[in-house]
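Numbering (our numbering), first residue to last: 730 to 877. Cβ coordinates follow ideal geometry from the N, Cα and C atoms, glycine included.
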Ligand SMILES: C[S@@+](CC[C@H](N)C(=O)[O-])C[C@H]1O[C@@H](n2cnc3c(N)ncnc32)[C@H](O)[C@@H]1O
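Shown next, in the form of structure tokens:
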């Protein structure tokens with residue numbers, strides 16, 4: 730795989746990115762797509778939200794048991810969004826605010842500036858909210874008295 734582009738945003742350090750229960754990801758930034766892939770953006774403007782698939786290029790090590798900031802109990806890495814995964818791939822849903830050529834302006838980034846983007850796909854959720862279960866996160870939220 731090769732990056733199709735890079736995230737541009739305000740975060741230079743992981744400590745600056747909101748974490749834990751109730752963290753909101755409303756930060757605006759850009760997805761800068763490499764020139765050779767620009768034709769692949771044709772017709773993307775019609776979608777309100779996108780999946781961004783990216784690489785945790787600055788994560789070190791793999792922890793099969795993760796301790797997320799949203800809970801005081803450990804969970805298996807595949808039950809979390811931890812960066813320390815066997816294949817360090819990140820997935821973020823962003824709102825598409827606009828496109829200028831090969832630059833997509835988006836809201837909702839939780840990646841560091843310069844993060845390599847592996848792929849972009851339109852976000853189309855077909856799961857009705859009443860069918861969604863939030864696992865240990867729902868329990869952690871209820872212990873903390875927080876709404877999802
Ligand atoms: C909990 S992960 C969730 C990322 C994505 N939404 C997901 O579910 O795959 C977000 C954290 O990853 C870390 N992070 C962001 N960009 C990174 C990068 N390029 N390399 C390593 N860690 C990164 C930051 O600590 C950030 O708070």
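Taking the Cα positions, residue 742 is about 14 Å away from residue 789.
Rounded to whole angstroms, the Cβ separation of residue 749 and residue 815 is 24 Å, and the two are not in contact under 8 Å.
For residue 836, the uninterrupted beta strand (DSSP E) segment begins and ends at 832-836.
Under the Cβ criterion (8 Å, minimum of three pairs), the stretch 761-772 does not count as touching the stretch 804-821.
When rounded, the separation of the alpha-carbon atoms in residue 853 and residue 781 is 13 Å. For residue 833, the closest of 823, 840 and 786 by C-alpha to C-alpha distance is 823.
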